[in-house]
Amino acid sequence: MRIIFRKLYRQQALSEEEYSNLMHYAEKLRSSSPESYLLFYERFAAILYRDYNTFIPRFAYGIDDFYDCLLNNPQLTEDLKSNSISIGAFPLYLHDYLEYTYPYGLDNFTILTHLELMKFDNASSLELPEPRQKALVYKYESANPYKETGLKSHFDRIGRYSFVSRLQSIRYLSGSKASEDKIELLSGDCLGGIFTNKEKSIYYYIFLTENNALKAQNACRVLNLALYGSYVEV
Numbered sequence: 001m002r003i004i005f006r007k008l009y010r011q012q013a014l015s016e017e018e019y020s021n022l023m024h025y026a027e028k029l030r031s032s033s034p035e036s037y038l039l040f041y042e043r044f045a046a047i048l049y050r051d052y053n054t055f056i057p058r059f060a061y062g063i064d065d066f067y068d069c070l071l072n073n074p075q076l077t078e079d080l081k082s083n084s085i086s087i088g089a090f091p092l093y094l095h096d097y098l099e100y101t102y103p104y105g106l107d108n109f110t111i112l113t114h115l116e117l118m119k120f121d122n123a124s125s126l127e128l129p130e131p132r133q134k135a136l137v138y139k140y141e142s143a144n145p146y147k148e149t150g151l152k153s154h155f156d157r158i159g160r161y162s163f164v165s166r167l168q169s170i171r172y173l174s175g176s177k178a179s180e181d182k183i184e185l186l187s188g189d190c191l192g193g194i195f196t197n198k199e200k201s202i203y204y205y206i207f208l209t210e211n212n213a214l215k216a217q218n219a220c221r222v223l224n225l226a227l228y229g230s231y232v233e234v
């Protein structure tokens, strides 16, 4: 891996094989050696995002898992509103992320503000497709998750939301790259997204766990806010 690390530091382009080996190495570290993975993250996360459009999380579970937990557990949101909740009330798998992000206690105002942005105007609640009961399915061109730089990490992040059942890359956008990446509503159980790396824009489908137009609208809004800090009116 030393050659690959040197190329990253020198901003030299990695080959497809080198990029794939690097991602496999990172995944192995994350599952087997958290301390080593954290060191890898601190050294290379910013470089990978800047040069390869590849997002890697600091912890095994992070912000997307946190908001997915809140969206699926309304009582936690109510407890945030009443200021009667601590990190200990959340599942253990979120504690590393929460303790790092909120060392002086949960920032209830910021968390609740973000949740409110996910709702349509005047909506009393945010109805989303039910959590998946089966393993998430990923479909990549040529069955190669690393064929397109950054796409797998993008899919991994979307897949942290439990209302997603399948992710599938479809085609390349013809002509120039897209002006912006976004997610849009296609039907009651399917969203369409655009992911752009340095070379091209790729169109993909996000299949939802149930067919419901209103819930699909809400899922679209949640994902756009999570990934891009904005939402697309549908």
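Residue numbers (the numbering used here): 1 to 234.
Yeah, the Cβ is synthetic: ideal placement off N, Cα and C, and Gly gets one too.
When you compare each of K198, F59 and F5 to S33 by their alpha carbons, which one comes out closest? F59
Is it true that the CB of A216 sits closer than 8 Å to the CB of D181? no
Quick one: Cα of R132 to Cα of R10, how far? 42 Å
Whole angstroms is fine: what's the gap from Q168's alpha carbon to G105's? 39 Å
On the premise that D51 lies in contact with Y161, defined as a C-beta separation below 8 Å, what is that separation, rounded to the nearest angstrom? Between D51 and Y161 the Cβ distance is about 27 Å, and since that is not below 8 Å, they are no contact.
M118 classed as buried or exposed, judged by whether at least 16 other C-beta atoms fall within 10 angstroms: buried
Using the three-state DSSP reduction, which class does Y231 fall into: helix, strand or coil? With a pLDDT of only 48 at Y231, under the threshold of 50, the placement of this residue in the model should not be trusted; the figure read from the coordinates follows. Y231 falls in the coil class under three-state DSSP.
Going by other Cβ atoms of all chains shown within 10 Å of its Cβ, with 16 needed for buried, is M1 buried or exposed? exposed
Would you check if there are 3 or more beta carbon pairs closer than 8 Å linking the region 94-111 to the region 131-150? no
Rounded to the nearest angstrom, what separates V232 and S142 at their Cα positions? Legend: pLDDT at V232 = 44, less than 50; position of this residue unreliable, value from coordinates given subsequently. Going by the C-alpha atoms only, they are around 31 Å apart.
Looking only at C-alpha atoms, which of L80, Y172, R157 and L186 sits nearest to L225? R157
Cutoff 6 Å; reference L186; Cβ partners in own chain excluding five residues on either side: G192
Applying the criterion that 16 or more other CB atoms from any shown protein chain within 10 Å of the CB defines a buried residue, is I3 buried or exposed? exposed
Provide the residue span of the alpha helix (DSSP H) that contains F207, from first to last. Run containing F207: none in the alpha helix (DSSP H); it sits in the beta strand (DSSP E), S201 to L208.
Compute the beta-carbon to beta-carbon distance between L214 and E78, rounded to the nearest angstrom, for a pair I have assumed lies under 8 Å. No, L214 and E78 are not in contact; Cβ-Cβ is about 22 Å, not under 8 Å.
At 4 residues or longer, and completely inside the region 130-177: list those alpha helix (DSSP H) runs for me, N to C. 151-158
Span of the alpha helix (DSSP H), counted from its first residue to its last, around I194: Run containing I194: none in the alpha helix (DSSP H); it sits in the beta strand (DSSP E), C190 to T196.
Once you ignore the five residues that flank L22 on each side, which residues in its own chain have a CB closer than 6 Å to its CB? I4
Contacts around Y25, its chain only, beta-carbon distance under 7 Å, and the 5 residues preceding and following it disregarded: M1
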